[in-house]
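Read through the structure below, which is laid out as structure tokens, and then see the notes.
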Amino acid sequence: MHIKSKFEINSEWDIIEVRQEVRKVCKKIGFDYVTQAYIINFTSGICQNMYTVAQSGVFSIEGIIEEKRMGIKIIAVDQGPGIENMADFLSENIAVNQTDGIRLEMLSVRRWFDEFEIASTELGVDGVEVTVTKWLIKG
Numbered sequence: 001m002h003i004k005s006k007f008e009i010n011s012e013w014d015i016i017e018v019r020q021e022v023r024k025v026c027k028k029i030g031f032d033y034v035t036q037a038y039i040i041n042f043t044s045g046i047c048q049n050m051y052t053v054a055q056s057g058v059f060s061i062e063g064i065i066e067e068k069r070m071g072i073k074i075i076a077v078d079q080g081p082g083i084e085n086m087a088d089f090l091s092e093n094i095a096v097n098q099t100d101g102i103r104l105e106m107l108s109v110r111r112w113f114d115e116f117e118i119a120s121t122e123l124g125v126d127g128v129e130v131t132v133t134k135w136l137i138k139g
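Numbering of the sequence shown is given in UniProt numbering, commencing with residue 1 and proceeding in unit increments.
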């Protein structure tokens with residue numbers, strides 16, 4: 001069974017709709033409240049970045065139910081300015097300044113989600129594409 005939703009992010013209202021759908025999918029999968037909060041927090045951050053930096057984007061949610069595990073896969077794509085130096089952007093060894101909010105968020109997202117991919121202008125993609133997956137093992 002798969003649950004799929006796709007949203008255009010063009011306004012702050014769109015972000016609210018995405019958050020509601022992510023919460024619904026997380027509940028259906030069976031994530032606990034703390035895990036739901038982390039996933040919804042990521043959703044808010046990435047959508048807000050799409051809206052403020054790129055002015056728009058596409059946010060896809062996929063609830064995945066397999067034999068031994070269930071999960072949520074999120075794909076966020078925008079056509080904004082992109083990330084110039086991906087290696088520096090994802091480096092934990094580079095000093096952080098006050099303008100590095102999205103960088104800090106992506107570093108914590110990379111640690112927290114089970115699967116994490118990011119592509120940007122540097123890699124031949126216009127803008128930024130982030131794909132994350134969080135799994136819940138059936139027990």
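Just so you know, even glycine gets a beta-carbon here, dropped at the ideal spot from N, CA and C.
Task: The alpha helix (DSSP H) enclosing I83, as first and last residue numbers - done: That residue, I83, is in no alpha helix (DSSP H); it is neither H nor E in DSSP.
Task: Neighbourhood of M50 by C-beta, 8 Å cutoff - its chain only, sequence neighbours within 5 removed - done: I9, S56, G57, F59, A76, D78 and G80
TODO: Measure the alpha-carbon distance for K4 versus V53 and round it to whole angstroms.
DONE: 26 Å
- [ ] Starting from the C-beta of K68, find all residues in its chain whose C-beta is less than 8 Å away, skip the five residues before and the five after it, and write them out in chain order.
- [x] I137 and K138
Task: Per DSSP, cross-strand counterpart(s) of D78 - done: G57 and V128
- [ ] Note down, in chain order, each residue of its chain lying with its Cβ closer than 7 Å to the Cβ of V22, except the 5 sequence neighbours on either side.
- [x] I39, I40, T43 and I61
Task: Extent of the continuous beta strand (DSSP E) to which F31 belongs - done: Segment: none, F31 is in no beta strand (DSSP E) and carries neither H nor E.
TODO: Can you say whether I16 is buried or exposed, counting buried as having 16 or more other CB atoms within 10 angstroms of its CB?
DONE: exposed
Open item on the list: Buried or exposed for G71, going by 16 or more other Cβ atoms inside 10 Å?
Closed with: buried
- [ ] Quick one: using the 10 Å Cβ neighbour count with 16 as the cut-off for buried, is G63 buried or exposed?
- [x] buried
Open item on the list: Run through the DSSP bridge pairs and tell me what K68 is partnered with.
Closed with: BP columns for K68 are empty, so no partner.
Task: Cβ neighbour criterion (16 or more within 10 Å) applied to G45 - done: buried
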